[in-house]
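Heads up, the sequence shown is in this note's numbering, so the first residue is 3 and it goes up one at a time.
Ideal placement from N, C-alpha and C gives every residue a C-beta, glycine not left out.
The structure appears right after this line, and notes come after that.
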Amino acid sequence: MFSQGEEENVVLDYFGKYKGHLVDIGANDGETFSNSRQLILNGWSADLYEPGPAFEKLEKLYKGNELVELHNVAIGSESGKGTLNVNSSHIKDDVGLLSTLHPEEMKRWQGLEYTQQEVDII
Numbered sequence: 003m004f005s006q007g008e009e010e011n012v013v014l015d016y017f018g019k020y021k022g023h024l025v026d027i028g029a030n031d032g033e034t035f036s037n038s039r040q041l042i043l044n045g046w047s048a049d050l051y052e053p054g055p056a057f058e059k060l061e062k063l064y065k066g067n068e069l070v071e072l073h074n075v076a077i078g079s080e081s082g083k084g085t086l087n088v089n090s091s092h093i094k095d096d097v098g099l100l101s102t103l104h105p106e107e108m109k110r111w112q113g114l115e116y117t118q119q120e121v122d123i124i
């Protein structure tokens, strides 16, 4: 199971053998707490968006998979450049699960350290 909780079972039960197209915003490394990984393994096509350092792992994971389009950009209300606040210490081997474009979101996770990375926003 890839999802954090039982989400994966709920999604798989709902869709059954259906194969569709999914969009995952903040796809991270493609496996850690992923709600899309098992659908992709089941034959779904996908657009995966990840602006942070985890994108490198995402590229390796889906290299050669013609059903998966990868986008190394953030999604925002305005296009341009922005500062992604990257945290990589939430869980073991974390690759940015608590990263955010919104500094006020970092207050929810006081005590964690963040680094800044400039990213493209669409």
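- DSSP, reduced to helix, strand and coil, places TYR51 within a strand of the structure shown.
- Residue environment for ASP15: exposed (fewer than 16 other C-beta atoms within 10 angstroms of its C-beta).
- Secondary structure at GLU33: coil, using DSSP grouped into helix, strand and coil.
- Ranking GLN112, GLU71, PHE17, TYR51 by CA distance to the CA of GLY28 puts TYR51 first.
- Where VAL13 is concerned, the enclosing alpha helix (DSSP H) starts and stops at 9–17.
- Fully contained in the region 51–91 are the following alpha helix (DSSP H) runs of length 4 or more, in chain order: 57–64.
- Contact annotation: ASN30 and ALA48 have beta-carbon atoms that are not nearer than 7 Å.
- The beta carbon of GLY78 lies closer than 7 Å to those of GLY84, LEU103, ILE123 in the same chain, with the five residues before and after it left out.
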